[in-house]
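> Got a structure for you, written out below as structure tokens; questions coming shortly.
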Amino acid sequence: MSYSIVVVSWQCAGFLEGLVASMNRHLDGGQQLVVVDNASTDDAESAARTWKGEVDFLRLEANRGFGAANNVGVERARHDAVVMLNPDTELTDASLDGLAAVALELHALVGPRVRFPDGSLQPSASGPEVGGWPWVRAVLPGAVTPRRMLRYTEPCRLEERARVQWLTGACIAGPRDVLRRLGPFDPAMHLYGEDLDLGLRAGLAGVPSYICPDVCTVIHHGGGSSSLVYGSRDGWRADGTKQWRAVLRRTYGRRRETLGWWALTLNLGLRAAAKLVLGRRTPRDRSAFGAALEARHFQELPPPPQPRP
10 MSYSIVVVSW
20 QCAGFLEGLV
30 ASMNRHLDGG
40 QQLVVVDNAS
50 TDDAESAART
60 WKGEVDFLRL
70 EANRGFGAAN
80 NVGVERARHD
90 AVVMLNPDTE
100 LTDASLDGLA
110 AVALELHALV
120 GPRVRFPDGS
130 LQPSASGPEV
140 GGWPWVRAVL
150 PGAVTPRRML
160 RYTEPCRLEE
170 RARVQWLTGA
180 CIAGPRDVLR
190 RLGPFDPAMH
200 LYGEDLDLGL
210 RAGLAGVPSY
220 ICPDVCTVIH
230 HGGGSSSLVY
240 GSRDGWRADG
250 TKQWRAVLRR
260 TYGRRRETLG
270 WWALTLNLGL
280 RAAAKLVLGR
290 RTPRDRSAFG
300 AALEARHFQE
310 LPPPPQPRP
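In this note's numbering, the protein residues as written are 10 to 318.
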């Protein structure tokens with residue numbers, strides 16, 4: 010199947026080489042690979058050009074951030090379906106073809122099941138971030154949540170396709186015209202929160218988002234560029250939680266956003282406490298709860314970009 014794959018790289022040539030190797034193993038070469046490099050000092054171009062199909066490589070003059078660079082890549086896409094992939098992802102089979110096809114079929118944003126390299130599930134989609142469901146998610150462990158409720162609490166646990174509020178930016182497929190109309194990303198956001206913002210703005214514009222574990226699975230190593238910025242591969246950071254709050258504040262207003270933040274903080278605090286009692290608490294649990302507490306104050310965002318006609 011022919012579609013475009015857009016990858017943004019910053020100091021991630023090693024990860025990109027691994028991604029392209031997995032593409033060469035599993036895809037037929039009919040896909041256009043668009044790599045936008047955010048003024049890296051490593052050799053991302055050589056890694057990109059190992060792809061057996063068409064390569065469009067662009068090195069930007071400065072680091073514009075994840076969202077703005079993706080926007081550039083989507084503009085260069087030639088095919089009707091576009092898959093935006095992180096450089097630190099890896100394909101395990103040819104199912105990315107199916108994800109691109111479903112994006113066109115549903116005329117929607119769609120995402121795969123995402124796993125860590127050890128095979129465990131990675132949170133890759135979310136239900137509502139404000140209202141009652143975040144409080145349900147806070148007090149009801151995902152392992153005992155009834156399946157009919159998982160699409161609103163932890164949709165990454167589902168086996169079947171489900172409509173969600175937003176998808177992780179590690180892998181999002183969509184029709185090219187839809188992505189271009191949305192931006193797809195807000196260029197005012199340099200790092201973190203771009204995927205949440207895209208999902209919320211898409212929903213307001215009448216474009217649904219779906220997680221499709223029945224169609225595609227990818228591996229996400231995580232922290233490819235952010236680990237260089239922050240000095241570790243920890244997935245939870247206060248800056249990310251602050252940006253999450255800023256996106257919700259801009260979309261829903263102060264009251265609903267603040268309640269959503271308290272629900273998140275309760276969720277992470279209860280999870281950390283339960284794992285501590287069970288002797289299973291990890292540094293990730295501590296950092297997640299700490300990041301939520303540190304996000305008491307944050308900088309609000311300017312008005313969002315308006316969809317193109």
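For each residue, glycine too, the CB sits at the ideal point set by N, CA and C.
The structure displayed is predicted, hence computed values, not measured ones.
Can you give the Cα-Cα distance for A86 and E63, rounded to whole angstroms?
In a straight line, the C-alpha of A86 is about 11 Å away from that of E63.
> Below 7 Å CB to CB, which residues in the same chain sit around A136 once its five sequence neighbours on both sides are set aside?
In the sequence as displayed, the identity of residue 136 is Gly instead of Ala. Closer than 7 Å at the Cβ level, and outside the excluded window around G136, lie W142, R160, Y161, T162, P164, V173 and Q174.
> Which residue marks the beginning of the alpha helix (DSSP H) containing N260, and which one marks its end?
Looking at the sequence provided, one finds Thr at residue 260 rather than Asn. Per DSSP, T260 belongs to the alpha helix (DSSP H) from A247 to Y261.
> Looking only at its own chain, which residues have a Cβ that is under 6 Å from the Cβ of G249, when we skip the five neighbours before and after it?
Counting only Cβ-Cβ distances below 6 Å, and skipping sequence neighbours, we find Y201.
> Please report the distance separating the alpha-carbon of G38 from that of E203.
Roughly 29 Å separates the two Cα atoms.
> Just confirm the distance between the C-beta atoms of D102 and H229, as a whole number of angstroms; I'd bet it's less than 8 Å.
Not quite, the Cβ-Cβ distance comes to about 15 Å (not below 8 Å), so this is no contact.
> Kindly list the residues whose CB is nearer than 6 Å to the CB of I181, restricted to its own chain and excluding five residues on each side of it in sequence; keep chain order.
Here the set comprises M93, L118 and G120.
> Roughly how far, in whole angstroms, is the beta-carbon of R58 from the beta-carbon of R189, given that I think they are within contact range, below 8 Å?
The pair is not a contact, with the Cβ atoms about 26 Å apart (cut-off 8 Å).
> Secondary structure at G240, three-state DSSP: helix, strand or coil?
Low per-residue confidence applies at G240: pLDDT is 33, beneath 50, and the placement is therefore not dependable enough to give any value.
> Quick one: residues in its chain with C-beta nearer than 7 Å to the C-beta of V29, no 5 flanking neighbours on either side, listed in chain order?
Excluding residues within five positions, the ones whose Cβ falls inside 7 Å are A56, A57, T59 and W60.
> Would you check if the distance between the CB atom of L67 and the CB atom of V45 is smaller than 9 Å?
In contact: L67 and V45 (Cβ atoms closer than 9 Å).
> Hey, out of G27, H35 and K284, whose CA is closest to P150's CA?
Out of G27, H35 and K284, K284 has the C-alpha closest to the C-alpha of P150.
> Could you check the C-alpha separation between T154 and S133 for me, to the nearest Å?
When rounded, the distance between both Cα atoms is 17 Å.
> Along the chain, where does the alpha helix (DSSP H) that runs through F24 open and close?
Element bounds for F24: A22 to H35.
> Per DSSP, what are the beta-bridge partners of K273 in this structure?
Looking at the sequence provided, one finds Leu at residue 273 rather than Lys. Paired residues: none, contrary to the question.
> Kindly indicate if chain D contains any beta-carbon less than 9 Å away from that of N72.
Here chain D cannot be found, since the structure has a single protein chain.
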